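Undergrad:
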Amino acid sequence: MANNDELFKKIIAHAKEYGFIFPSSEIYDGLAAVYDYGQMGAELKNNIKSYWWKSMVQDHENIVGIDSAIFMHPTVWKASGHVDAFNDPLIDNKDSKKRYRADVLIEDYLAKQEDKIEKEVEKAAKRFGDAFDKSQFLATNGRVLEIQSKIDAVRHRFAEAMTSNDLPEIKKIIEDLEIVCPVSGSRNWTEVRQFNLMFSTQMGSVSEDASQIYLRPETAQGIFVNFLNVQKTGRMKVPFGIAQIGKAFRNEIVARQFIFRMREFEQMEMQFFVRPGSELEWFKTWKEKRLKWHLSLGFSPNKYRFHDHEKLAHYANAAADIEFDFPFGFKELEGIHSRTDFDLKAHAEHSGKKIQYFDAELNENYTPYVIETSIGLDRMFLAVFSTAFNEEKLEDGSERTVLNIPPVLAPYKAAVLPLVKKDGMPEKAREICDILKADFMIQYDEKDAIGRRYRRQDAIGTPFCITVDSETLENNTVTVRERDSMQQVRLPIEQLRSYIFDGIRVK
RNA sequence: GCGGCAAUAGCUCAGUUGGUAGAGCGUUGGCUUCCCAAGCCAAAGGUCGCGGGUUCGACCCCCGUUUGCCGCUCCA
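Take the first sequence: its position 228, counting from 1, is numbered 421 in the numbering used here, and each next residue is one higher.
1. How far does the alpha helix (DSSP H) with glutamate 701 in it reach, from first residue to last?
2. Per the DSSP calculation, asparagine 732 is bridged to which residue(s)?
3. Where do the ends of the alpha helix (DSSP H) carrying proline 361 lie?
4. By DSSP, does aspartate 651 sit in helix, in strand, or in coil?
5. When the Cα of alanine 511 is compared with those of Glu565, Asn495 and Gly696, which residue comes out closest?
6. Just the Cα atoms here: how many angstroms apart are tyrosine 244 and methionine 461?
7. Among Val418, Thr533, Lys309 and Thr670, which has the Cα closest to the Cα of tyrosine 559?
8. Give a yes or no on whether the C-beta atoms belonging to alanine 608 and tyrosine 637 are separated by under 9 Å.
9. Give the secondary structure of glutamate 307 by DSSP, where H, G and I count as helix, E and B as strand, and everything else as coil.
10. Could you round the C-beta distance between threonine 580 and phenylalanine 492 to whole angstroms and report it? I think they count as a contact, below 8 Å.
11. Evaluate contact between the segment 252-259 and the segment 417-429, counting only Cβ atoms and requiring at least three cross-stretch pairs below 8 Å.
12. Can you round the beta-carbon distance between threonine 660 and isoleucine 686 to whole angstroms, since I take them to be within the 8 Å contact cut?
13. Determine the direct distance from the alpha carbon of isoleucine 310 to that of lysine 316, and round the result to whole angstroms.
14. Measuring only the C-alpha atoms, how far is isoleucine 340 from proline 267?
15. Could you check how far apart the C-beta atoms of isoleucine 214 and tyrosine 230 are, in whole angstroms? I think they sit under 8 Å.
16. So, at 6 Å on beta carbons, what are the nonlocal neighbours of methionine 573 in its own chain, with the 5 sequence-adjacent residues on each side left out?
17. From which residue to which residue does the beta strand (DSSP E) around phenylalanine 215 run?
18. Once the 5 residues before and after phenylalanine 476 are set aside, which same chain residues still bring their CB inside 6 Å of it?
19. Are valine 347 and tyrosine 302 closer than 9 Å when you measure CB to CB?
20. Can you look up alanine 506 in the DSSP assignment and give me helix, strand or coil?
21. Going by C-alpha distance, which of Ser471, Ile438, Phe578 and Lys700 is nearest phenylalanine 458?
22. Kindly give me the distance between the Cβ atoms of phenylalanine 155 and glutamate 675, rounded to whole angstroms, as I take these residues to be in contact under 8 Å.
23. Quick check on the burial criterion: 16 or more other C-beta atoms within 10 angstroms. Buried or exposed for lysine 305?
24. Can you find the residues in the same chain that come closer than 8 Å, C-beta to C-beta, to proline 361, ignoring five residues on each side of it along the sequence?
25. Spell out the partners DSSP gives leucine 704 in its beta bridges.
26. Which of the three DSSP states, helix, strand or coil, is assigned to phenylalanine 517?
27. Would you kindly check if the distance between the Cβ of isoleucine 529 and the Cβ of proline 600 is under 9 Å?
Shown next as structure tokens:
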């Protein structure tokens, strides 16, 4: 574990030192758990997006891509369940350090009071036997009435506090009821705080007219609300999918582990709409397809594993994660969820629109079921970057730090290097750059000894180094050095383009 | 959010009971060099995370704060 911690630190340092990832607003001491992608990172990230987009959209004639806005109508988040599920008022007990949902504490208290009434009822029932009239008893018994009126008063007060989001009042209710921590038994509570996982802001500049809107906590809803638009304008037939790459925001209580859990992050999602009843079959299909996509990048299959969810979210009837062996252990990289018809139905209800699909083959209307594949782009970045990072011991005893990034994802595909800085070699090298830069990201470097330049390219994961030497000036051939094997071949300049294309293609 | 630890140059780190800040690597310019860093010369780069306090004097001691790491908690 200590070794892995060391490795992870080296990876983070490397990411910064070579321009992949910087802490956000670093000159102002940074902003917690927010990071910027630098000049190398932006290239790698774009290449990951492109590789995913091609495999999902370009490769499937029944999947199309959209780009929906981050701002959405507030009702979207009511329909999706995020408003309710994300609004818990929380309170900590200072002695036990345990955290509770404040509303649950109060509900538990009320349930206990109701138990008391039940006990009174039971006692009375025994006493009166067959003559016992429960409703009569509840309406007349002094003790019961007293408890009941207290319950009603608390309920009323509690409901008002929840509706108006009056957190100090909720705290006061807990104090007034003398609720104790089940663990420590103490009444040493913190203030009640709202941990709304959704970021909110106002739309409309005049405050009276402004409405509260949220930064989307997931991109999926942008797809669901556009289901009819895409299906109709794209003449899509079930089964079909809608893909999207975009930012999402969650106000996590704890955001940590570098770019693994951030408050602002990017998702690559695809919602696949299928006939009801066929969803579990498609769930299986997509699990396999998605794992295959990961494996196509060439990392060891041992780095991946499935984790099937036993406890399912409110919208799902099956769910699995593809977990990846990060430097800090196996963690979720991608989720594949069978979301049933929960989302489309919820939007139909809240919007009043008929969100259905007419299946001509079956001659019937239905709400499609949905299989979701959702991968964290930043996590994918971290998976690629951390796995690619290697410190090699070479045969001659020297060491090199190399990023064995899958060539298709590498920020720069090739570097062009004049062996020495004279005899017209720099000019020749520039010519080669001009030929190649239309198709590839190319770096030119003439500073320092050739070996040192190779190592610099290794450190940023450039798969090919093209070197111009004296022979180049005579017969227009160059040497091409491959990053992982460090082997060289000599090629005519006019073959470079196809050679690199072939080298970065995923086999 | 709680507890523990930490923060000095781009990176990794030194810095003596408190006396005006250093190394290696890297970077930049030049020289050398016809193929795998650690040849040569020169240079740039730090109000020691930030703000207070103690002191004649603070990188060093105290308080607060920010950021990071570890554990707990949370993760619809």
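Glycine included, C-beta positions come from ideal geometry on N, C-alpha and C.
Note that the structure is predicted; figures quoted are calculated from it, not measured.
TA: In short, the structure shows the following:
1. Any question about residue 701 goes unanswered here, given that the chain covers just 194 to 700.
2. Outside the modelled stretch of the chain, which goes from 194 to 700, sits residue 732, for which no answer is possible.
3. 360-369
4. helix
5. Glu565
6. 11 Å
7. Thr533
8. yes
9. helix
10. 5 Å
11. yes
12. At roughly 12 Å, the Cβ-Cβ gap does not stay under 8 Å, so threonine 660 and isoleucine 686 are not in contact.
13. 10 Å
14. 40 Å
15. 6 Å
16. Ile241
17. 214-216
18. Ala511, Ser531 and Ile564
19. yes
20. coil
21. Ile438
22. Any property of residue 155 remains undetermined from this structure, which presents the chain solely from 194 to 700.
23. exposed
24. Glu384 and Val385
25. Summary: the structure shown does not reach residue 704, with the chain confined to residues 194 through 700, and so no result is reported for it.
26. strand
27. no
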